[in-house]
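Residue numbers for the sequence shown follow the UniProt record's numbering, so the first one is 1 and each next one is one higher.
Inspection log for the structure reproduced underneath, given as C-alpha cells.
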Amino acid sequence: MIYLLLSILSSSVIFVIFKLFQKYRVDTLQAIIINYFFACMVGFFGYIKNTDVTIIPEKLWFPGTLVLGALFISVFNLAAITTQKSGLSVVSVATKMSVAIPVFFGIILYNESTGILKITGILLALVAVYLTSIKTTTGIKIKKENLIFPLLVFLGSGIIDTTIKYLETTYVAEDEVALFSTSIFAIAGMIGIVILTGQALMGKLRITGKNILGGIILGVPNYFSIYFLVMALRTEGFESSTVFTINNVAIVLFSTLLGILLFKEHLIKKNWIGILLAIVSILLVATS
1 MIYLLLSILS
11 SSVIFVIFKL
21 FQKYRVDTLQ
31 AIIINYFFAC
41 MVGFFGYIKN
51 TDVTIIPEKL
61 WFPGTLVLGA
71 LFISVFNLAA
81 ITTQKSGLSV
91 VSVATKMSVA
101 IPVFFGIILY
111 NESTGILKIT
121 GILLALVAVY
131 LTSIKTTTGI
141 KIKKENLIFP
151 LLVFLGSGII
161 DTTIKYLETT
171 YVAEDEVALF
181 STSIFAIAGM
191 IGIVILTGQA
201 LMGKLRITGK
211 NILGGIILGV
221 PNYFSIYFLV
231 MALRTEGFES
241 STVFTINNVA
251 IVLFSTLLGI
261 LLFKEHLIKK
271 NWIGILLAIV
281 SILLVATS
C-alpha cells in the first residue's frame, strides 16, 4: 500500500509543478524533455548499483522501453494539441479515463476478480474522473474535427499503463525495477533531443534557465511516479485493476484538493459530486 500512496503523491506533485509552469511561463516541451534526463539521473545514481549499462539492450524488456519512451513523448504532444483545441478539462478526462484500458486487460489477461463491488467501484471511478475534471456547468464540448486528439490521448495513456503492467509482470526482475524505469526516461529523453534538434535547425529553439530549472524540478517526482507505480503493481494481494483504478482516481482527487489549497481554484457542484464519488469508488475497489 505504501508504494501506491507514494505513486499517488508523486503524480499529484507533478500536477502542482505543471500549474507553476503555467504561472511562470515555462516552456513545457523543453522542461519535459530536460525532465526525462534528470529523471534518468535520479534512477541511475540513486537506485542502480554496480550495473553494466551496456547490457541494457540485451534485456528482454528493452524493446518495451523503446515503445514506452516514444509513447511518453507522443502522448505529451497530443495532450498539448488537445489542450489548445479543446481545453485542459478534455485532456484531464481523456488521460484519467484511460484507466479503463489497463483495468480491462488486467481482468481479461490475468483473470483478475470481477465482483459486483469492484465493478461498481470502477464504473463510479470513471464517472468521478469526468465530474471532477470538467470546469464548466455545460460539461465538455469537442468539435467533431478535433475528436481524434483526445481519443489518441485516451488510447496512448491506456497503452502506456497496460504496457508497463505487461513488462513488469513478464520480463522485469525484482532487482531491475529501477533500471527498467530509468531506461524508459532515457529513451524518452533521447527522442526529445531529436525534437529539440529539429527546432534548432528551424530556428525555433530558445532554451532558458527557467526551462532547465523546471525540467530538473519535474524530474524527481516524475521518476518516482513510475518507479512507485511499478512497485505497487508488484505488491502482493493487490490486482493491477485495483492498483490502476485507485491510483488514477486518487490522483484526480488529491490534485483537485491541492488546486483548492494552493491555487484557490473554484469548484462547481459537479466537481464536488465527483470528489464524493471518487472517495466512494476508492473504498469499494479497495475493499472488494
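In this text, a Cβ means the ideal position worked out from N, Cα and C, and glycines have one as well.
The structure presented is a predicted model; accordingly, all values stated were derived computationally and were not measured.
_Extent of the continuous alpha helix (DSSP H) run through residue 197_ = 177-201
*Buried or exposed: where does residue 161 fall if 16 or more other Cβ atoms within 10 Å of its Cβ makes it buried?*
In summary, residue 161 is buried, with 16 or more beta-carbon neighbours lying within 10 Å of its beta-carbon over all protein chains present.
*residue 281 beta carbon less than 7 Å from that of residue 124*: yes
*asked:* Quick check on the burial criterion: 16 or more other C-beta atoms within 10 angstroms. Buried or exposed for residue 30?
replied: buried
*residue 100 - DSSP class collapsed to helix/strand/coil*: helix
*Can you give the Cα-Cα distance for residue 211 and residue 233, rounded to whole angstroms?*
Cα-Cα distance, rounded: 33 Å.
*Per the contact definition of three or more C-beta pairs closer than 8 Å, is the region 174-182 in contact with the region 12-24?*
no
*asked:* As a quick exercise: from 260, 248 and 266, pick the residue whose alpha carbon is nearest that of residue 278.
replied: 248
*In whole angstroms, what is the alpha-carbon distance linking residue 188 and residue 114?*
35 Å
*For the region 67-149, list the alpha helix (DSSP H) runs that are entirely contained and at least 4 residues long, ordered along the chain.*
88-97, 100-109 and 116-133
*Inter-residue spacing [alpha-carbon to alpha-carbon] between residue 172 and residue 61*: For residue 172 and residue 61, the gap between their C-alpha atoms comes out near 6 Å.
_Inter-residue spacing [alpha-carbon to alpha-carbon] between residue 298 and residue 132_ = This structure cannot speak to residue 298, because the chain is shown only from 1 to 288.
*residue 221 - containing alpha helix (DSSP H), residue span*: 209-233
*Evaluate residue 186 with the Cβ neighbour count: other Cβ atoms within 10 Å of its Cβ, from every protein chain shown; 16 or more gives buried, anything less gives exposed.*
Under the 10 Å beta carbon count, residue 186 is surrounded by 16 or more other beta carbons and is classified as buried.
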